[in-house]
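Take a look at the structure below.
Residue numbers (full-length UniProt numbering), protein chains in the order written: chain X, 1 to 446; chain R, 1 to 446.
Dropping the structure here:
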């Protein structure tokens, strides 16, 4: 089926190497201010949700653009939706996709918190919305996200105090790298580094915009430090903002497409949390000439460039979460090609990426095509596999000089499955299962 | 949601205990000969598939009943079906459910072996069928199973030599415990003990029958020792025989029902292998008076007793596989109750049982209801959950004096999820994720 790959031959010939994860700190680096989208202000503070006063736990983002802001979001499909998820869905609906702000707290998920939790999430939204001049008929146009302990209510008075117009947060809102970095730090729970990226994006016809984003998640999450009733869970949060002008409908379509190929193409244990949320804002501040919002049909070319650029950008953000996988010693791209539909390719890639047998083999640097094959064959598909045409191979990923430093400590490899049934493909990113993963997730006191 | 359970309070208050698995040898014990079904002969030998000459690797079972034998089987749904699976399906079809024998080898799965593999599986079937007087018009009426390395062909000449009428195996076929035990040993690959059970079963109206069964599987399987191209996979095999008289159709119905609630209700990493097979024979040898075969409709009461007795018996066999889970320190019953359908309950139980976050928490003895909840809520159901009515609890399972010795070394506990939506329920059995699991499955040289 596949000959012994080069990297495996280079692997230790003694017994199982049992690597430990190396530092990922190098994955956070300064970004020039001019790569950040215009018309947004952000900030992060310590409000008191987390015990350690030197750790940030509350962040806000506000669009100050004079043009209408469009917003889109993607939420967990878990039947247990945390209060912030319920509220954000409602705000998006009430504003018909015209939300202008976001408030995020870490340290407490505000999940399984009943009526009190809902009231608290609404209060956070309204308090943040009050920092901008009223512009819509709905009571609030701010989305909410939370991450942390399940089953405990928020210390809402501390949060509301920190959201007052004269408190430190509102007084120190700014644009640029430092402001975005502070916000990114406030998102962190068990992340070992703040996850922040920004870049310019060409839309064609001389139009340029900028896009920046924060996400959080660490493959598998530390149990919370807060007490015996605390229950840890792995949450994936993302906040992306651009100064392109895009209609709400086109923005949602682009986000759904991008999420499918990025945040929904990474393995975080295969467990979907109660809080997963990704929000995207587009405020048109890049276009001083006031050109119209990009519409999916009318501006097809620009829309496709935007959607594809967004997808690539979100893939980079999502991969940071995988690289921060606790105890992970490998960053693995699972690439399924030659499928008859994108859906089939995605399902197979997902199955391989969440297989305990595959992931422990990766930790042991075992080129175990049999396990990949068994995982592949166990997925019910729209068009059945032809077992005689499936090929599995292991590939060291291309590392060019420019990116070499960036991915230095993560050992990158690719598992490629060729189905030879059609021309659709999908990629998934995952990490290995190591001793540290068991230790961290078994030890509720760690 | 749930108070701290008793067993958790008893758990060590120091750091993470990191238990290691204890011996499961006590789970294999002698069984009185008269509990085994009449009219079957079995044997097990070393044929040469495995390197170690003192280890058995080939077994056969033949029905010598003067009455017609009915057979039923359940096969893997993996798209990659091993040669023995393809052949067994065909034999069952050709004989219209009247197969009379089984041949099993361990040490080589005869999977991904192309035309040669198919030819070899047919040859094994025919050679074994030749040991019985011809009775059907089809070329062979023997089913085939294999387990072991994927991607290597069988040493077929050695196997065929061992199946000759004058070779040791055919000459030493017998009934009773010793014969069944030898066969069970020939099934083993990474199992730490042979898995064999037998019992009597009351069918009502004064009718009694006996049922015996062998299965194999060890939660997670050792990589094979045979060489660099070898690829390990986890296979579940089962062979059950009864001397009740049952029609082929009723037998298949009963088996499907029982498999769903036993072999398909255990977690073996969540990965379905290329070789999974369970076969069931019923030869009517219990009924010397020659009463008719039990039919699902005509003999409803007897059929239900048979089906339910078979289910309970197969659950005991399946649980042995979980108890032998490599590195497992816990035997966990996941019980989902109050669902609107059996299907929904089964899906949720399955999701919880295959969750890495839940299983590492169990290893760390962390009563982590949050993770169980998140797993529960992530399953798409026919009738949506009401989050406010779901309850998660942890229960030490009842241990009575009689069974205390038997389950002494496995620490038993139950995770119970009450949905309060209906009255259907399902049970699943699984084990925890420990360091040993990672070591064994990461280390392809172990």
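Where is the CB? At the ideal position from N, CA and C, for every residue including glycine.
At a cut-off of 8 Å between beta carbons, residue 150 of chain R contacts chain X. Leaving aside the five residues that flank residue 295 of chain X on each side, the residues in its chain whose CB is nearer than 6 Å to its CB run, in chain order, 247, 250. Across the segment 424-437 of chain R, CB contacts with chain X closer than 9 Å involve 432, 433, 434, 435, 437, in sequence order along the chain.
The beta strand (DSSP E) runs lying completely inside the segment 79-133 of chain X and spanning 3 residues or more are 101-108, given in chain order. Going by C-alpha positions, residue 42 of chain R is about 15 Å away from residue 283 of chain R. Following the DSSP letters along the chain, one finds residue 38 of chain X in no alpha helix (DSSP H), marked with neither H nor E. A Cβ-Cβ distance of about 6 Å is found for the pair residue 182 of chain R and residue 56 of chain R, placing them in contact under the 8 Å criterion. Straight-line spacing of the CA atoms in residue 36 of chain R and residue 393 of chain X works out to 48 Å. Put simply, the backbone Cα of residue 285 of chain R is about 9 Å away from that of residue 63 of chain R.
By the criterion of at least three beta-carbon pairs nearer than 8 Å, the segment 373-383 of chain R is in contact with the segment 336-349 of chain R. Contact note: residue 385 of chain R reaches chain X through 79, 80, using a C-beta cutoff of 9 Å and chain order. The Cβ atoms of residue 44 of chain X and residue 59 of chain X lie closer than 8 Å to each other. The criterion of a C-beta distance shorter than 8 Å is satisfied by residue 107 of chain X and residue 49 of chain X.
Annotation for residue 170 of chain X: the continuous alpha helix (DSSP H) segment containing it runs 168-171. With a cutoff of 8 Å on beta-carbon distance, residue 371 of chain R and residue 358 of chain R are scored as near each other.
For residue 84 of chain R, the CB contacts under 6 Å within the same chain, skipping 5 residues up- and downstream, are 110, 121, 144, 145, 146 in chain order.
Cβ contact annotation for residue 185 of chain X (same chain, cutoff 7 Å, sequence separation greater than five): 44, 56, 194, in chain order. With respect to chain R, the C-beta atom of residue 382 of chain X has no partner C-beta closer than 8 Å. Across the set R:434, R:236, R:26, the C-alpha of R:236 shows the shortest separation from the C-alpha of residue 77 of chain R. Comparing C-alpha distances from residue 177 of chain R to each of R:427, R:196, R:272, R:242 shows the shortest one belongs to R:196. For residue 193 of chain X, the three-state secondary structure derived from DSSP is coil. DSSP, reduced to helix, strand and coil, places residue 188 of chain R outside both helices and strands of the structure shown, so it counts as coil.
The contact set of residue 377 of chain R on chain X, defined by CB atoms closer than 7 Å, consists of 78, 79, 80, 274 in chain order. DSSP, reduced to helix, strand and coil, places residue 313 of chain X within a helical segment of the structure shown. Along the segment 333-361 of chain X, going in chain order, the ones with a CB nearer than 7 Å to a CB of chain R are 355, 356, 357, 360, 361.
For residue 370 of chain X, the nearest CB of chain R lies under 8 Å from its own CB, placing it at the interface with that chain. The DSSP-derived three-state label of residue 137 of chain X is coil. Residue 81 of chain X sits buried, since 16 or more C-beta atoms from the chains shown fall within 10 Å of its C-beta.
For the pair of segments examined, the segment 200-215 of chain R was found to touch the segment 312-327 of chain R: the number of CB pairs separated by less than 8 Å reaches three. Chain R has a Cβ within less than 8 Å of the Cβ of residue 374 of chain X.
A Cβ-Cβ distance of about 6 Å is found for the pair residue 208 of chain R and residue 200 of chain R, placing them in contact under the 8 Å criterion. DSSP, reduced to helix, strand and coil, places residue 294 of chain R within a strand of the structure shown. DSSP, read as helix, strand or coil, puts residue 391 of chain R in strand.
By the neighbour-count criterion, in which a residue is buried when 16 or more other Cβ atoms sit within 10 angstroms of its Cβ, residue 275 of chain X is buried.
For residue 353 of chain X, the enclosing alpha helix (DSSP H) covers residues 342-353.
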